[in-house]
Amino acid sequence: MELKKGYTTGTCAAIAVMASIRMIFEQKFIKKESIITPKGVKIETEILEPEFNHRYASCAVKKYSGDDPDVTNGILLFATVKLTNNNSISLDGGTGIGRVTKPGLWQNIGEAAINKVPRQMILENTMKLFDEYGYEGGADIVISAPEGEEIAKKTFNPRLGIKGGISILGTSGIVEPMSEKAIIDTIKIELNVKKANEGDYVMVAPGNYGIDFIKEKFNVDLNKAVKCSNYIGETLDFSYNAGFKGILLIGHIGKFIKLAGGIMNTHSKYADSRMEIFAANTAKVCNDITLIRNLLDCITTDDAVKLLKEAGICDKVMKKIIERASFYINNRVNNEIETGILMFSNVYGILGASNNVVGMLNLFK
């Protein structure tokens, strides 16, 4: 049975904004509104709790996550639009939308946690409708989620320094349903097909992130890799059982650093510990307690790498991290097949690799 797709909080917010704008200019209640998502999919949904006057409107859209187990499913995303006499359009978060309190995220400190793509969706559709109705003034737009502050406690927002509510997210506008069993079964099938048709060595990557970087650097196309998502442990098990002689793992430091802690499912709901792993391995090569404490306060892995580079010890720390990750990977396959691992950052490039990576990469060119 095909799983149902949903739509993101960003799509909900954008639709609510569009309906609010229409109510102002048409001076009537809007029952349904639609949008074309960045993925090219048309979403039409019911408009709830509408109200308006000549220069103000507000309404809500109910979040629908399809068959994806999303904590925001069913909550209401509200948009209010107030026309102004200037020519600018402002976008902010209200009740239940988180505020950024630490550096390292896309938004600046103090800004509402409305990510880049949803922000673009809202502003682009706002300007499109203003053109449609011949309006040349400005507007203040506020997105809110009355249940957002409580819902956010079930997310990693507090750890990321986003306080007071949820984030408005989405890159495609669509929520792709994620069945854990279906993904794991697909990985197993793909590995068996690779073994039967492409030889004794397999390349594995969590997803598409960094494909262009790896292709440019090594002339290796990660599209040919088996996508393991967060299920690195299961992928290693399947590779071992399928009879591969070697497996090369290539991934972003944000996920792969967890391997150095023996974490074989890299989804944040199971474990994080990225900064703890950075700090522990830094303690192996230096005694700078201030640096170690600062690492523990980092939000992103790129932030941590920046601190290590500024301290001049990034290569030493990454060598330790690669060693620990290799230890756990080899243990998972009973030390009976060859394993290689490469960690990279789109900001800082290659950060660490096991000694056999270049040789293994040549197998896939």
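In this note's numbering, the protein residues as written are 135 to 499. Each residue gets a CB set at the ideal place from its N, CA and C atoms; glycine is no exception. Quantities reported herein were computed from a predicted structural model and do not represent experimental measurements.
Same chain only: Cβ atoms within 8 angstroms of residue i, ignoring 5 sequence neighbours per side
i: Cys432; result: Gly238, Met409, Phe412, Ala438, Leu441
i: Ile447; result: Thr416, Val419, Cys420
i: Asn489; result: none
i: Gly341; result: Lys361, Ser363
i: Ser168; result: Ile149, Lys176, Ile177, Glu178, Thr179
i: Phe352; result: Leu495, Lys499
i: Gly126; result: Here the chain covers residues 135 to 499 and nothing more, so residue 126 does not appear.
i: Leu182; result: Cys193, Ala194, Val195, Lys196, Leu210
i: Gln161; result: Phe186, His188
i: Asn469; result: none
Integer Cβ distance of residue i from residue j, believed to fall under 8 angstroms
i: Gly282; j: Gly230; result: 2 angstroms
i: Leu210; j: Asn249; result: Rounded, the Cβ-Cβ distance is 19 angstroms, inconsistent with contact.
i: Gly208; j: Lys197; result: 6 angstroms
i: Thr206; j: Val251; result: Wrong, their Cβ atoms sit about 16 angstroms apart, outside the cutoff.
i: Leu393; j: Ala459; result: 4 angstroms
i: Ser301; j: Ile387; result: Not a contact, Cβ separation roughly 22 angstroms.
i: Ala194; j: Ile158; result: So it is not a contact: roughly 16 angstroms between Cβ atoms.
i: Asn259; j: Val151; result: 7 angstroms
Nonlocal neighbours in the same chain, by C-beta distance under 6 angstroms from residue i, ignoring five residues either side
i: Leu476; result: Ile384, Ala487, Val491
i: Ala445; result: Leu425
i: Ser407; result: Gly395
i: Met452; result: Leu485, Gly486
i: Gly299; result: Gly230, Ile231, Gly232, Gly282, Glu283, Ala286
i: Leu294; result: Ile433
i: Thr400; result: Asn364, Lys389, Lys392
i: Gly474; result: Leu382, Ser488, Asn490, Val491, Met494
i: Met135; result: No answer about Met135 holds up, because its pLDDT of 49 lies below 50 and its placement is not dependable.
i: Tyr404; result: none
i: Tyr267; result: Phe159
i: Ser199; result: Gly140, Asn207, Val309
i: Val276; result: Thr214, Asp226, Gly228
i: Ala153; result: Ile164, Glu167, Ile181, Cys193
Same chain only: Cβ atoms within 7 angstroms of residue i, ignoring 5 sequence neighbours per side
i: Ile426; result: Ala413, Thr416, Ala417
i: Val354; result: Ile348, Leu495, Phe498, Lys499
i: Arg253; result: Leu225
i: Val336; result: Leu325, Lys328, Val360, Ser373, Phe378, Ile381
i: Phe163; result: Met157, Pro184
i: Ser402; result: Phe290
i: Leu429; result: Met409, Phe412, Ala413, Thr416, Ala438, Leu441
CB contact flag (residue i, residue j, <8 angstroms)
i: Met261; j: Gly144; result: no
i: Glu180; j: Lys165; result: yes
i: Val234; j: Ile285; result: no
i: Tyr482; j: Asp436; result: yes
i: Gly380; j: Glu472; result: yes
i: Ala147; j: Ala247; result: no
i: Tyr365; j: Ile423; result: no
i: Ile391; j: Cys362; result: no
i: Leu500; j: Ile463; result: With the chain covering 135 to 499 only, the question about residue 500 has no answer from this structure.
i: Lys138; j: Asp204; result: no
i: Leu263; j: Ile170; result: no
Bridge partner(s) assigned by DSSP for residue i
i: Cys193; result: Ala213
i: Met477; result: Gly385, Gly486
i: Ile170; result: Lys176
i: Ala339; result: Lys361
i: Gly230; result: Bridge partners of Gly230: none, in fact.
i: Asn399; result: Tyr365
i: Ser224; result: Asp274
i: Thr218; result: Gly272
i: Val309; result: Gly140
i: Ala246; result: Arg233
i: Gly200; result: DSSP, once it has assigned bridges, lists no residue as partnering Gly200.
i: Leu429; result: DSSP output for Leu429 lists no bridge partner at all.
i: Leu182; result: Ala194
i: Ile456; result: Partner(s): none; Ile456 has no beta bridge.
i: Glu472; result: Gly380
i: Ile296; result: Val234
i: Ile302; result: Ile248
Heavy atom of the ligand SAM within 7 angstroms of residue i beta-carbon
i: Ala445; result: Judged by which ligands are present, the structure shown has none, so any question about the ligand SAM falls away.
Contact between the stretch 296 to 310 and the stretch 322 to 330 (3+ Cβ pairs under 8 angstroms): no
Segment contact flag, the stretch 213 to 228 with the stretch 284 to 294, C-beta cutoff 8 angstroms, min 3 pairs: no
Inter-stretch contact (C-beta, 8 angstroms, three-pair minimum) for the stretch 264 to 276 and the stretch 205 to 220: yes
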